[in-house]
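Below is one structure, written out as structure tokens; comments come after it.
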Amino acid sequence: MTTLSKFLMIALSAVLALTMFLPTANADKLSDLEKQKQEVQQKQSELNSGIQQKTNEISQNQTTLEKIIAKIRELDNQIIETQTKIDVVQAEIDQTKIEIDELRKSIEELERKIAEREELLKERARAIQLSGGSVDYIDVLLGANSFVDFIDRFSAVNILIEADREIMREQAADKKLLAEQKAEVETKLAEQEAAKAELVSLKNSLDAQKKEQAQLVKDLKAEQERLAKEKSSLQAEHAETMNINADLEKKIGAEQARLAEIARKAEEARLAKEAAARKAEAQRQAAASKASAASAPAATVTQASVSSNAGSSTFIVPAAGRFTSGFGGRDIGDGAESHLGMDIANSTGTPIIAAASGMVSFAGNMGGYGNVVILTHSINGQTHATVYAHLNSINVSVGQSVSQGQQVAGMGNTGRSTGTHLHFEIHVGPWNGARSNAVNPTPYIR
0 MTTLSKFLMI ALSAVLALTM FLPTANADKL SDLEKQKQEV QQKQSELNSG
50 IQQKTNEISQ NQTTLEKIIA KIRELDNQII ETQTKIDVVQ AEIDQTKIEI
100 DELRKSIEEL ERKIAEREEL LKERARAIQL SGGSVDYIDV LLGANSFVDF
150 IDRFSAVNIL IEADREIMRE QAADKKLLAE QKAEVETKLA EQEAAKAELV
200 SLKNSLDAQK KEQAQLVKDL KAEQERLAKE KSSLQAEHAE TMNINADLEK
250 KIGAEQARLA EIARKAEEAR LAKEAAARKA EAQRQAAASK ASAASAPAAT
300 VTQASVSSNA GSSTFIVPAA GRFTSGFGGR DIGDGAESHL GMDIANSTGT
350 PIIAAASGMV SFAGNMGGYG NVVILTHSIN GQTHATVYAH LNSINVSVGQ
400 SVSQGQQVAG MGNTGRSTGT HLHFEIHVGP WNGARSNAVN PTPYIR
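Per numbering that gives the first Met the number 0, residue 0 is the first one in the sequence shown, and the count goes up by one each step.
Put into structure tokens, the structure is as follows:
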């Protein structure tokens, strides 16, 4: 081997070694960014749940508030109705008091008559006392001078006796009427006062209920205000995490672009190394042929043989198994969704190999994708990314260079998965997190 060939081989080896070690720091940074993104997405999910919870609480409070306000309206109607009844009873009481005033005049007249009769009776009693203690109507009758005088005296005695009896009857009747009128008025007034007291008590109770309900309304409105502030705060925080997420997307995109550039340079170095190796082999073959020709001119020249698979730009099938789902729309029970890759099913632990040579840009858990490995490739100057999801095990680490066909993981059922399988994606360009550049893998693999 000539001195120039040796120098080229040493230089290319140094460049390749340098490109093998440079990606690690950048890949680690990408992994950290991906981890931050997952944390932000988890935070967003928690904030969304918090916002929904606050919305539900506000809705429940609003329903309760509306019921209480309706109750207050009902109480207002009852209070108005009760107050109307109180006013009616009060009018009756006022009317009864007027009747009492009118009856009082009648009572006063009765009392005057009773007093006069009592005075008359007292006078008669005094007359009887002065006459010896009694009036002997027999003596009056026997003292008649004639029969006609006897008849006159008898009539006079009867008139006096009947007058006394009438006085006594009227006195008794008036006293009875007086007692009845007094009792009637007092009973009626007492009943009305009792009815008023009952209505006033009811109104006081309704007023107390209204006051209590009004306090509940006040408390609920304060609670609504508090919940609205908390919801607003959560929404603001959610908006901030959205901005953070967008910023992380940009940083991840930038890191992917940088890693893709490193992969491209590594690919160039690999191709240059292979070219140098082919050139060195050709020179060696030429030198050998020249030496052989000097000693054996008739010998046949042998062409260098280079593996046809070396540097192949074609993706290979990443796992053995049964094809179960393709690229595009599908529904696995949670509604229609876009399936951004192809699924291959087999038993747990089935080897997953790199579909093309590249560099590990992510190795870890990714939420619904479960355990994931992402490789970044540079093929014919074009950056590609491949995704291997739902893994049972991971055999590579971030920043590691892998060759086409090298095992990177074992098949599994992690994340949002309905059975042991590999979910495989191809992205034209660096993997950008949104998977907007995912393509149907079928035309790309052989």
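Every residue gets a Cβ at the ideal spot worked out from N, C-alpha and C, and that includes glycine. In this text the structure is predicted, and so the values were computed from the model without any measurement.
My understanding is that residue i touches residue j, with C-beta atoms under 8 Å, so please give their C-beta distance in whole angstroms.
i, j, result
"H422", "A388", "4 Å"
"G411", "N391", "3 Å"
"W430", "Q284", "Not a contact, Cβ separation roughly 43 Å."
"I57", "L188", "That belief does not hold up - the Cβ atoms of I57 and L188 are roughly 56 Å apart, past 8 Å."
"Q191", "E91", "5 Å"
"T382", "G340", "The Cβ separation is near 18 Å, so there is no contact."
"P350", "G409", "7 Å"
"Q202", "I71", "Here residue 202 turns out to be Lys, not Gln, going by the sequence shown. K202 to I71, Cβ: 15 Å. No contact."
"G380", "V371", "G380 to V371, Cβ: 26 Å. No contact."
From the DSSP output, in three-state form, read off residue i for me.
i, result
"S311", "In this prediction, S311 scores a pLDDT of 40, lower than 50, which makes its location untrustworthy; the coordinate-derived value is nonetheless stated afterwards. S311: coil per DSSP, three-state reduction."
"N364", "strand"
"T417", "coil"
"A319", "coil"
"N439", "coil"
"N55", "helix"
"A297", "Legend: pLDDT at A297 = 38, less than 50; position of this residue unreliable, no value from coordinates given."
Whose CA, out of the options, lies closest to the CA of residue i?
i, options, result
"I261", "Q399, G340, Q208", "Q399"
"K112", "V87, L176, A259", "L176"
"N60", "S232, L201, K220, L188", "K220"
"K442", "S416, Q381, I315", "Checking the sequence shown, residue 442 turns out to be Pro, not Lys. Taking only the C-alpha atoms, the option nearest P442 is I315."
"K228", "R164, Q35, I50, S416", "I50"
"A354", "T385, V216, H420", "T385"
"T419", "V39, A69, G320", "G320"
"S324", "S396, E115, K278, S416", "S416"
"D342", "V359, F322, Q403", "F322"
"I79", "Q35, R168, V199, K42", "V199"
"R445", "V401, T313, S360, G380", "T313"
"A171", "L74, E117, V407, E73", "E117"
"T213", "D75, V87, A279", "Here residue 213 turns out to be Ala, not Thr, going by the sequence shown. Closest option to A213, Cα to Cα, is D75."
"L109", "D173, Q405, S204, Q403", "D173"
Rounding to the nearest angstrom, what Cα-Cα distance links residue i and residue j in this structure?
i, j, result
"K195", "L119", "45 Å"
"G369", "G327", "20 Å"
"I352", "P440", "15 Å"
"T23", "L32", "Unreliable positioning characterises T23 in this predicted model, as indicated by a pLDDT of 47, which lies under 50. The coordinate reading is nonetheless provided below. If I take the Cα positions, the gap works out to 14 Å."
"T63", "L46", "25 Å"
"T83", "L233", "51 Å"
"T347", "G414", "14 Å"
"E185", "E122", "34 Å"
"T54", "I251", "34 Å"
"R263", "S377", "5 Å"
"G357", "D246", "27 Å"
"E38", "M365", "10 Å"
"A238", "H426", "29 Å"
"T95", "E107", "18 Å"
"R103", "E115", "18 Å"
"R168", "I99", "26 Å"
"R269", "Q41", "40 Å"
"R277", "A271", "10 Å"
"A437", "A290", "55 Å"
"E248", "K36", "8 Å"
"A178", "E101", "16 Å"
"V359", "V401", "7 Å"
"A275", "R257", "27 Å"
"A182", "L215", "49 Å"
"E267", "T375", "15 Å"
"M241", "E273", "47 Å"
"E224", "K230", "10 Å"
"E222", "K210", "18 Å"
"A259", "A253", "10 Å"
"F361", "V407", "12 Å"
Per DSSP, what are the beta-bridge partners of residue i in this structure?
i, result
"T382", "S377"
"T392", "According to the sequence provided, residue 392 is Ser. The question's Thr does not apply to it. In DSSP, S392 forms a bridge with G409."
"H422", "D342, A388"
"I444", "F314"
"P350", "G409"
"G357", "V401"
"N370", "N364, L390"
"V87", "None, per the DSSP bridge assignment."
"V427", "H383"
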